[in-house]
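Reviewing the structure listed below.
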């Protein structure tokens, strides 16, 4: 299985390390439930890939795509334009 639950200590450690090494950068990108439901609603979607990205202005972002059973990107299910944190958190 890809993806496993982690405890709060590991979660905090991962986030804190990133924020320490990337001061002033986007901490997270927030999406609503409907975004993930849209990605997974494509009939061939078996996985979700979250790609790291950067806008033309140098702001960190992510691109969310559904992947088929061969882990090939389903372009029709690709999403972006989430709320950067800060200020959305």
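In the numbering used here, the protein residues as written are 224 to 312. Positions of the beta carbon are idealized from the N, C-alpha and C atoms, including for glycine.
Option nearest residue 293 by Cα separation, candidates 272, 247, 239 and 250: 272
Report task. Please determine, among 264, 251 and 274, the residue with the shortest C-alpha to C-alpha distance to residue 300. Result -> 264
Note to self: Once DSSP output is grouped into helix, strand and coil, what is the label at residue 262?
What the structure shows: helix
- Task: In the DSSP assignment, find the alpha helix (DSSP H) that holds residue 275 and state where it starts and stops.
- Result: From DSSP, residue 275 is part of no alpha helix (DSSP H) but of the beta strand (DSSP E) over 270-277.
- Message: With distance defined between alpha-carbon atoms, name the residue in 309, 270 and 311 nearest to residue 226.
- Response: 270
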